[in-house]
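Residue numbers (this note's numbering): 534 to 1108. All C-beta atoms, glycine included, are put in the ideal place defined by N, C-alpha and C.
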């Protein structure tokens, strides 16, 4: 069903021009291109931005021979201008580039979704902060002071813009309730609730963060009362005293939407906030009926377990009480009020899970989804990627989602395309901030030295311990200020090797002279990062389209400030 989304004043939708057939064609082109250059996207890159295998796998000589001579002598600013910055107009080549390299760069830029709205395009990448921080680099001028406490500038920028978008979606769907999943310390939740007057349920798996969120809520209420006593009113202070409902809970990607609704009802029960059911009557539940349903949900959520905590498999006929409880649970699932679902940087499969609940659950009227941590997405080839947080409890029998559902691909169309697979390495690289790296290159930052340090150290580690492949060293503070021998003395013990391991000085010098090649190769890999992200997000748009829902992708945040800046927005028309 086609639904037209109207944007807030500072929101630009650019994917609405892509019809369903055009989305599928773009996915086909993306998979074809990425599979052709998988040797680049699959290079082992870690978050501290090193190419561990550059020397051990001789990655430079995996590049086309015609590329190597024109790339190896580029300065860092030239790498930024000629390779990475799609907007740079005055390209001055020190030598003639082969057509295949020009085509590679042009195709990568053309296939990736634009990461900036039109009003931002044309500027220099990474050169300015959002205008709201020009007066004070740590405080947004567009966000009330009461919402800035404990909130870093990046998060201030995000909650203001996403909150405004969620509010607009609520108005379009006639919903006053929002469910914020992966709410963390509740910064977005507080802005939605106190600042925009919405009724918000916040779900966060980390109990410590939930406790902090409730504490910060109390501080905000106290500050609000203090402001009122001073009669310090402005358009930036809260408009509502309705406290959000915080609950420590795990949104199980293997559970059904019915289980999700029961989880939300439990949160309302804990907070003693009877919801107004959806439907024609919309009558608020009477106290006795509300308490009865809370008891049913809390009882059923415990599940039937044996003495070892595993699900009971014994066969028995349901008793009268069990039948009544089942009927009550069905009423809960039917009567829960409509709401808008949001997730700000919901990690890994959580974003995919929320999209599936949006499609399946009749009570979810709209969704705003901001994804992150693509490497933690499950795939058929890698159902348990590194860093995946396992579910602490098993779903109740009968409430599991189909076992074939993974975080990528979600759509049948992409699943059927040859070359659609994205490796863990490719998805990890898609999480890097290309704007920040362009800025480092133009500044010729000394931080770039650590690229070559880590790659060189890997060679010596492999020589001594061939079984130690991609050993985790973690970040060495201020590594760029160290000599390589000092860096090695700190890094080797972290993998169980002696700090005084002999290092051939001539070999070290030869490798460090190739620092420019290491940076070029990393830049080529990074050029594919936005392309990989585009495919992941496009797959989700096609999944929604296959289920009868149009969606739009918004480059909502400033990418120089918030690298994962895309928001997938969708709403359902009322039947």
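Opening and closing residue of the alpha helix (DSSP H) in which residue i lies
{"i": "residue 705", "result": "686–706"}
{"i": "residue 886", "result": "882–893"}
{"i": "residue 564", "result": "553–569"}
{"i": "residue 636", "result": "632–644"}
{"i": "residue 1067", "result": "1062–1079"}
{"i": "residue 604", "result": "601–604"}
{"i": "residue 958", "result": "957–962"}
Residue i burial status per 10 Å Cβ neighbour count (16 or more: buried)
{"i": "residue 626", "result": "exposed"}
{"i": "residue 839", "result": "For residue 839, the predicted structure reports a pLDDT of 38, less than 50, and the residue's modelled location is therefore unreliable. A value from the coordinates is still provided. Per the 10 Å Cβ criterion, exposed."}
{"i": "residue 951", "result": "exposed"}
{"i": "residue 961", "result": "buried"}
{"i": "residue 669", "result": "exposed"}
{"i": "residue 891", "result": "buried"}
{"i": "residue 740", "result": "exposed"}
{"i": "residue 796", "result": "buried"}
{"i": "residue 689", "result": "buried"}
{"i": "residue 830", "result": "In this predicted model, residue 830 has a pLDDT of only 49, less than 50, meaning its place in the structure is not dependable; the value taken from the coordinates is given anyway. Buried."}
{"i": "residue 1031", "result": "exposed"}
{"i": "residue 583", "result": "Summary for residue 583: the model assigns pLDDT 49, below 50, so the residue's position carries little reliability; its value from the coordinates is reported in the next sentence. Answer is buried; the Cβ neighbour count reaches 16."}
{"i": "residue 718", "result": "buried"}
{"i": "residue 667", "result": "exposed"}
{"i": "residue 737", "result": "buried"}
{"i": "residue 1002", "result": "exposed"}
{"i": "residue 1018", "result": "exposed"}
{"i": "residue 1029", "result": "exposed"}
{"i": "residue 602", "result": "exposed"}
{"i": "residue 1095", "result": "buried"}
{"i": "residue 902", "result": "buried"}
{"i": "residue 801", "result": "buried"}
{"i": "residue 643", "result": "exposed"}
{"i": "residue 606", "result": "exposed"}
Backbone secondary structure at residue i - three-state DSSP
{"i": "residue 1022", "result": "helix"}
{"i": "residue 747", "result": "helix"}
{"i": "residue 1031", "result": "coil"}
{"i": "residue 784", "result": "coil"}
{"i": "residue 922", "result": "coil"}
{"i": "residue 676", "result": "coil"}
{"i": "residue 939", "result": "coil"}
{"i": "residue 713", "result": "strand"}
{"i": "residue 872", "result": "strand"}
{"i": "residue 879", "result": "strand"}
{"i": "residue 779", "result": "strand"}
{"i": "residue 626", "result": "coil"}
{"i": "residue 1047", "result": "coil"}
{"i": "residue 949", "result": "coil"}
{"i": "residue 611", "result": "helix"}
{"i": "residue 909", "result": "helix"}
{"i": "residue 573", "result": "helix"}
{"i": "residue 728", "result": "helix"}
{"i": "residue 718", "result": "coil"}
{"i": "residue 1092", "result": "coil"}
{"i": "residue 916", "result": "coil"}
{"i": "residue 802", "result": "helix"}
{"i": "residue 1013", "result": "helix"}
{"i": "residue 1038", "result": "helix"}
{"i": "residue 621", "result": "coil"}
{"i": "residue 763", "result": "coil"}
CB contact flag (residue i, residue j, <8 Å)
{"i": "residue 777", "j": "residue 723", "result": "yes"}
{"i": "residue 756", "j": "residue 746", "result": "no"}
{"i": "residue 1072", "j": "residue 943", "result": "yes"}
{"i": "residue 599", "j": "residue 586", "result": "no"}
{"i": "residue 1034", "j": "residue 983", "result": "no"}
{"i": "residue 743", "j": "residue 788", "result": "no"}
{"i": "residue 1086", "j": "residue 1068", "result": "no"}
{"i": "residue 1111", "j": "residue 1102", "result": "Outside the displayed range of the chain (534 to 1108) lies residue 1111, so it cannot be described from this structure."}
{"i": "residue 706", "j": "residue 899", "result": "yes"}
{"i": "residue 992", "j": "residue 589", "result": "yes"}
{"i": "residue 1006", "j": "residue 1027", "result": "yes"}
{"i": "residue 1038", "j": "residue 648", "result": "no"}
{"i": "residue 715", "j": "residue 964", "result": "no"}
{"i": "residue 1060", "j": "residue 567", "result": "no"}
Bounding residues of the beta strand (DSSP E) (the contiguous stretch that carries residue i)
{"i": "residue 1101", "result": "1099–1104"}
{"i": "residue 736", "result": "732–737"}
{"i": "residue 904", "result": "897–905"}
{"i": "residue 1088", "result": "1084–1088"}
Runs of beta strand (DSSP E) wholly within the region 966–996 (minimum 3 residues, chain order): none
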